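Undergrad: Numbering (our numbering), first residue to last: 5 to 340.
Note that the Cβ used here is the ideal one computed from N, Cα and C, for glycine as well.
Remember, predicted model here, so these are calculated numbers, not experimental data.
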């Protein structure tokens, strides 16, 4: 991405505003060099509402991560503006190792491109990858959708019109627009919500017949047949739904640059490598915790640890891929 129109973290702190309507845990210096790091509560910014998939992961990891680091882990939900309110909150925080952002490339990086933020998300420092999954097309069982072909037919024939997902301008919205173009999923109205939790709930309540979501937000409803997963949109699939086909299983072209989701932690620009390594190592150990592993097996979470370098590269690669694969200007016109 071009850098000449992007502001640095210091510039954003000055001007503000979003442009849209194992390392040793002991031994690193704490805030301002006053002892070992960490020595006070760590804040994790979740840029989505409570009850969504990212929030669920945060709260499941919280106890074990607190034990690993020996300090309180505080979760702060900062939803809004297609995850950009929370992302900017983290971006502009002091780079002292006491604030981290949970984001899910390509989700938030895509939102910064589509919504033309005046700050560059690639300046954030990758910390850790903790899970990989596919996003999903889901429907209310009352409509008795047989498969993806039937879902497309219901929309193209006018039987269904509304399609639910995260807020307008979000990654899930863009993925939905791509599906309309690539697979003729001809919904009339995209109904956006501040997070996967409320979007999925709207389908369960039949306020909307179908939509786009994630495994973390859907399992509580699919377990008792209040929601059905029609198709997995990433060819990697997710262990949560081993019997549900992917698009490529059904013979469709893949949409993997949007359909596969990687869950990560990132840190404000200029956060020290020492503090990042300490926190990243704690994430790796947390993923090996017995209770976390047990929850992951029950829910089909695909825990995969990757360190700071790989996560940092992922964020940059996503930005470059989105620029190459999508007609960003056309999408902005559809959103506006």
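1. Between the beta-carbon of residue 82 and the beta-carbon of residue 51, is there less than 8 Å?
2. Need the endpoints of the alpha helix (DSSP H) that residue 220 sits in, please.
3. For residue 166 versus residue 195, is the C-beta distance shorter than 8 Å?
4. Express the C-alpha separation of residue 243 and residue 136 in angstroms, rounding to a whole number.
5. Give the secondary structure of residue 230 by DSSP, where H, G and I count as helix, E and B as strand, and everything else as coil.
6. Give the C-beta separation of residue 272 and residue 128 to the nearest angstrom, bearing in mind that I take them to be a contact with Cβ-Cβ under 8 Å.
7. Thinking C-beta only, is residue 239 closer than 8 Å to residue 252?
8. Based on the DSSP secondary-structure assignment, which residues constitute the bridge partners of residue 299?
9. Would you kindly work out how many angstroms separate the C-alpha atoms of residue 331 and residue 132, rounded to a whole number?
10. Based on Cα-Cα distance, which residue from 225, 198, 199 lies nearest to residue 209?
11. Give me the Cα-Cα distance between residue 64 and residue 161, rounded to the nearest whole angstrom.
12. Out of curiosity, what's the CA-to-CA distance linking residue 30 and residue 96?
13. At which residues does the beta strand (DSSP E) containing residue 264 begin and terminate?
14. Assign residue 198 to buried or exposed, taking buried as 16 or more other Cβ atoms, counted over all protein chains shown, within 10 Å of its Cβ.
15. How would you write the range of the beta strand (DSSP E) that residue 81 sits in, first residue to last?
16. What whole-angstrom Cβ distance do residue 270 and residue 216 have, given they're in contact under 8 Å?
17. Determine the DSSP secondary structure at residue 26, reduced to helix, strand or coil.
18. Scan the stretch 130 to 188 and note each continuous alpha helix (DSSP H) run of 4 residues or more that stays entirely inside, going in chain order.
19. For the 8 Å Cβ check, are there 3 or more pairs between the stretch 111 to 123 and the stretch 276 to 288?
20. With DSSP as the reference, identify every bridge partner of residue 105, one or two as the case may be.
21. Taking only three categories from DSSP, how would you classify residue 204?
22. In the structure shown, what three-state DSSP assignment does residue 338 receive?
23. What residue range is occupied by the uninterrupted alpha helix (DSSP H) comprising residue 61?
24. Can you give the Cα-Cα distance for residue 87 and residue 164, rounded to whole angstroms?
25. Write down the C-beta distance between residue 296 and residue 207 rounded to the nearest angstrom, noting that I regard them as a contact closer than 8 Å.
26. Sort 150, 55, 138 by Cα distance to residue 259 and report the nearest one.
TA: In this structure, then:
1. The answer is yes: Cβ separation under 8 Å.
2. In the DSSP annotation of this structure, the continuous segment of the alpha helix (DSSP H) that includes residue 220 starts and ends at 219 to 226.
3. Yes, these two residues count as a Cβ contact at 8 Å.
4. If you draw a straight line from the Cα of residue 136 to the Cα of residue 243, it is about 10 Å long.
5. In the three-state DSSP reduction, residue 230 falls in the coil class, being neither helix nor strand.
6. The pair is a contact, with the Cβ atoms about 7 Å apart (cut-off 8 Å).
7. In this structure, residue 252 places its C-beta atom within 8 Å of the C-beta atom of residue 239.
8. According to DSSP, residue 299 shares a beta bridge with no other residue.
9. Their backbone Cα atoms lie some 30 Å apart in a straight line.
10. For residue 209, the nearest C-alpha among the options comes from 225.
11. For residue 64 and residue 161, the distance between alpha carbons rounds to 42 Å.
12. Low per-residue confidence applies at residue 30: pLDDT is 41, beneath 50, and the placement is therefore not dependable, though the value from the model is reported in the following sentence. The C-alpha of residue 30 lies about 26 Å from the C-alpha of residue 96.
13. It spans 264 to 271 - the beta strand (DSSP E) in which residue 264 sits, taken as one unbroken run.
14. Taking all protein chains in view, the Cβ of residue 198 is crowded by 16 or more other Cβ atoms within 10 Å, so the residue is classified as buried.
15. DSSP places residue 81 in the uninterrupted beta strand (DSSP E) bounded by 77 to 81.
16. Not confirmed; about 24 Å, so no contact.
17. With a pLDDT of only 40 at residue 26, under the threshold of 50, the placement of this residue in the model should not be trusted, and no figure is reported.
18. Listed in chain order, the complete alpha helix (DSSP H) runs (minimum 4 residues) inside the stretch 130 to 188 are 152 to 160, 175 to 187.
19. No contact exists between the stretch 111 to 123 and the stretch 276 to 288.
20. BP columns for residue 105 point to 49, 270.
21. In the displayed model, residue 204 falls within a helix according to three-state DSSP.
22. Three-state result, residue 338: helix.
23. 57 to 73 is the span of the alpha helix (DSSP H), which, as asked, contains residue 61.
24. Answer to the nearest angstrom: the Cα atoms are 28 Å apart.
25. Beta-carbon to beta-carbon, residue 296 and residue 207 are separated by about 28 Å, too far to satisfy the 8 Å threshold.
26. Selected option, being the one with the closest Cα: 138.
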